[in-house]
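First residue of the sequence shown: 1, per the UniProt record's numbering; consecutive thereafter.
Even for Gly, the Cβ is constructed at its ideal location relative to N, Cα and C.
Computed from a predicted model, the values in this text were never measured in an experiment.
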Amino acid sequence: MPKWSCCGQVGGHTMDQRYNAMSLPEQLALRRQAIDDVLAHPEWPLRESVRHLKKTMRLTSAEMAKLAGVSTKTIQDIEQGRSDGTVQTMNRIFGMLGLKLGVVRRAPQ
Numbered sequence: 001m002p003k004w005s006c007c008g009q010v011g012g013h014t015m016d017q018r019y020n021a022m023s024l025p026e027q028l029a030l031r032r033q034a035i036d037d038v039l040a041h042p043e044w045p046l047r048e049s050v051r052h053l054k055k056t057m058r059l060t061s062a063e064m065a066k067l068a069g070v071s072t073k074t075i076q077d078i079e080q081g082r083s084d085g086t087v088q089t090m091n092r093i094f095g096m097l098g099l100k101l102g103v104v105r106r107a108p109q
């Protein structure tokens with residue numbers, strides 16, 4: 001799990017410059033919100049979950065990729081629907097927040 005620090009940095013990486021710097025409590029609140037949102041929507045496609053995490057945590061694709069230990073292209077391909085990512089890749093991305101892939105029952109149609 002990445003270290004979160006104050007002044008608009010996550011694990012020593014500056015957050016997306018389109019946003020103002022945030023305090024540690026603000027960053028942690030965004031992190032909790034991102035986790036809660038993804039857990040509340042197991043029906044979201046993986047790309048939507050990744051996109052939501054990135055946007056909510058105010059990260060660029062490059063920043064998210066570095067934190068997850070994957071390439072920027074991998075993040076972009078998942079977001080754009082060009083790839084679903086491997087289980088290992090998705091677990092690296094979700095693992096940034098202490099999450100992992102799982103199986104859920106489909107909602108009745």
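Between the beta-carbon of Arg-105 and that of Gly-69 there is about 31 Å, and that puts the pair past the 8 Å contact cut. Gly-81 counts as exposed, since fewer than 16 other C-beta atoms from the protein chains shown sit within 10 angstroms of its C-beta. Looking at the backbone, the Cα of Leu-53 and that of Lys-73 are separated by about 17 Å. If you ignore the 5 residues before and after Lys-55, its C-beta comes within less than 8 Å of no other C-beta in its own chain. The DSSP assignment places 61-68, 72-79, 87-95 as complete runs of the alpha helix (DSSP H) inside the region 51-106, in order along the chain (cut-off: 4 residues). Rounded to the nearest whole angstrom, the C-alpha separation of Ala-34 and Glu-26 is 12 Å. Leu-67 is positioned such that its CB atom lies no closer than 8 Å to that of Val-87. The DSSP-derived three-state label of Pro-25 is helix.
Of all alpha-carbon atoms in Arg-51, Asn-20, Glu-43, Met-64, the one lying nearest the alpha-carbon of Val-103 is that of Glu-43. Here DSSP, grouped into helix, strand and coil, assigns Glu-43 to coil.
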